[in-house]
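Residue numbers for the sequence shown follow UniProt numbering, beginning at 1 and rising by one.
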Amino acid sequence: MKADTVDSRSLESAVTGRWSSAELPAKRRKRKQGLRENATSFWFLLPILAVFVILFAVPMVQTGIYSMTDFNGYSVDMHYVGWSNYRKVFSDPSTMQGLSFTITYAIAQTILVTCFAIPLAVTLNKKFWGCNFARSVFFFFSVPALAIMGMVWKYIFSPMDSGVINSILHGFGMGPIPWLANTGLARACVIFISVWAQIGWHATLYLAFLQSIPADIYEQATVDGATPRQKFFHITLPQLVPGIVTSTFLLMSGGLKVYDLPYTLTKGGPGYATYTVTQSIIQQGIGQSQYGVGSALAVMFTLATALLVFLQMAVAELVSRRFQ
């Protein structure tokens, strides 16, 4: 009887939206507790929010304003020019070449690093003599900054006989190869160095996911007569999907904003063969004092990058659901 009374009161409260005098204090206590927890979370997040506003939101708004003016970076006297700066971006051939190479670089390094890092991680996940040393060696190559890598490999790929590779070729009686003076070779060298420098880090990421896969799954597959190929495609690869999503996201977003490696290796040359969008923004904004044009390019590139990243995340979500 008592239970029926409680149920009837709860039903009446749900229907009428009114609570009895006995239920009101409990609801108020719960509401106050929720408000206190939200307030605590807000105060913890406030410093991070302030840093975000100061370092990201405010500069983005300023960039949007400058993109509609003829601001030169020095004079406070600037004039509204409308969409003129955006039209200049599309009419600049060097910027279009930089956009083309940037997209090519981002896609190529994402595909190549993924294709090489996964087999490397699978190999390093096996138990063999010196496996820990091998893991450390491959990870070590990803520690130096890409700018340092660019300067080191510039000496290695030097088109003259003083370069390491051309010196070796000269010892075999072969002529020097213009590694960084030829358009196709220069682009290939930039992509090669980027892939070489990042394979170790992403292989370590995949290795962490591989070590979280229960061993009994492979044991059961072995009992069922599965081949190594079947184990890889039906067990290992589906379990690596979250790692692939994370790795490709980092590679694509990092590739689209690349600047240090092509600049230290080739300065964007020969011609504009390895010219990037980020280099174009810096050169037009700071080098040529055309902050309006540089800001317009930065706004457009930021929006395009955000769109590509969101599309990548959507595709990754679909793939993740497929393998769940």
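Even for Gly, the Cβ is constructed at its ideal location relative to N, Cα and C.
{"query": "Going by DSSP, what residue range makes up the alpha helix (DSSP H) through Gln198?", "result": "183 to 210"}
{"query": "Nearest by alpha-carbon distance to Thr63: which of Thr248, Pro178, Gln290 is it?", "result": "Gln290"}
{"query": "Since Ala221 is in the alpha helix (DSSP H), which residue starts that stretch and which ends it?", "result": "215 to 223"}
{"query": "Which residues in the same chain have their Cβ closer than 6 angstroms to the Cβ of Phe133, if we skip the five residues on either side of it in sequence?", "result": "none"}
{"query": "With DSSP as the reference, label Tyr80 as helix, strand or coil.", "result": "strand"}
{"query": "With DSSP as the reference, please indicate the residues paired to Thr69 in a beta bridge.", "result": "Tyr80"}
{"query": "Helix, strand or coil, according to DSSP, for Ile177 in the structure here?", "result": "coil"}
{"query": "So, under 8 angstroms CB-CB, Leu120 and Ala203 are touching, yes? Tell me the CB distance rounded to an integer number of Å.", "result": "4 angstroms"}
{"query": "Phe140 lies in the alpha helix (DSSP H); which residues open and close that run?", "result": "131 to 140"}
{"query": "Looking at Tyr86: is its Cβ nearer than 7 angstroms to the Cβ of Thr69?", "result": "no"}
{"query": "With DSSP run on the structure shown, which of helix, strand or coil describes Asn166?", "result": "helix"}
{"query": "Looking at C-beta atoms only, is the number of pairs between the stretch 225 to 238 and the stretch 169 to 189 that lie closer than 8 angstroms three or more?", "result": "no"}
{"query": "Residues in the same chain with beta-carbon distance under 8 angstroms from Thr248, minus the five sequence neighbours each way, listed in chain order, please.", "result": "Thr110, Thr114, Gln312, Ala316"}
{"query": "Roughly how many whole angstroms lie between the Cα atoms of Val89 and Ile281?", "result": "10 angstroms"}
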